[in-house]
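Residue numbers for the sequence shown, in this note's numbering: 733 to 931. Ideal placement from N, C-alpha and C gives every residue a C-beta, glycine not left out. Written below as structure tokens is the structure these notes are about.
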Amino acid sequence: MKRRDALGRVALVMGGTLSAPTLLAFLEGCKSTTETSSAIKFPFSAERKSLISEVAEIIIPKTDTPGAKEAKVGEFIELMIKDCYTGRDQESFNKGLEELEKKDFMKADPAKQTAILKEMEAAVKGEVEKAGAEKKKYTEAGKEYTDAPVPFFRLFKELTLLGYFTSEPGATLALDYVPVPGRYDGCIDLKEGQKSYAM
733 MKRRDALGRV
743 ALVMGGTLSA
753 PTLLAFLEGC
763 KSTTETSSAI
773 KFPFSAERKS
783 LISEVAEIII
793 PKTDTPGAKE
803 AKVGEFIELM
813 IKDCYTGRDQ
823 ESFNKGLEEL
833 EKKDFMKADP
843 AKQTAILKEM
853 EAAVKGEVEK
863 AGAEKKKYTE
873 AGKEYTDAPV
883 PFFRLFKELT
893 LLGYFTSEPG
903 ATLALDYVPV
913 PGRYDGCIDL
923 KEGQKSYAM
């Protein structure tokens, strides 16, 4: 499967919305270390890896299907931030992690952790509106984008969903996986309680 096809299918699973940097990261592919200016230190420390995995697990917890930790979404996020994002987006991501660390996220109880993440998610709307008020940098596919970095929590959530639904556990256990799909039917009804198909 080609990269563009995979991205399009994951975008469908995620409701068709990905930020411009995430789209560019996938369409352009990963870059060598000489091509990306790193704004954060890689590899992440053990504490930071635990923090990323914990936040991802809150976004996609383990139920009757594996959660984000089992799908190794934390490792995916680190790799993507390191190899596929610009220094500006890396710095935005780093600031978000520092904010979580200042709030002692890992020491908080589950209810407090969820409250912290909900606050960050609510703040994303304000950040997006602020970026929209700034001067537009370019237009692509009929949409205007600014050169402002993607807000931390939006980027984190996108990468969590992307990492999970493109992982083996996410595609085969959380979705209805058909290893040899057969003929293509563009419009079929899902049965009551049936999982969405892995694309």
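I need the DSSP call for D815, collapsed to helix, strand or coil.
Here D815 sits in helix by DSSP.
If the criterion is Cβ atoms closer than 8 Å, does the pair P901 and P798 meet it?
A contact, by the Cβ cut-off of 8 Å.
Please state whether DSSP places R736 in a helix, a strand or coil.
Residue confidence is low: R736 scores 49 on pLDDT, short of 50, so the model does not pin down where it sits. Its coordinate-derived value is still stated next. Residue state, collapsed to three classes: helix.
Please report the residue range of the alpha helix (DSSP H) in which G895 lies.
From DSSP, the alpha helix (DSSP H) with G895 extends over 884-897.
Can you tell me whether L922 is buried or exposed, with buried defined as 16 or more other CB within 10 angstroms of its CB?
The residue is exposed, with fewer than 16 neighbouring Cβ atoms inside 10 Å.
On the DSSP letters alone, give me the boundaries of the alpha helix (DSSP H) that R780 sits inside.
Where R780 is concerned, the enclosing alpha helix (DSSP H) stretches over 778-791.
Let me check one thing: in DSSP terms, what residues is D908 bridge-paired to?
DSSP, once it has assigned bridges, lists Y929 as partnering D908.
Measure the alpha-carbon distance for T884 versus E802 and round it to whole angstroms.
Reading off the sequence, residue 884 comes out as Phe, not Thr. C-alpha separation (whole angstroms): 23 Å.
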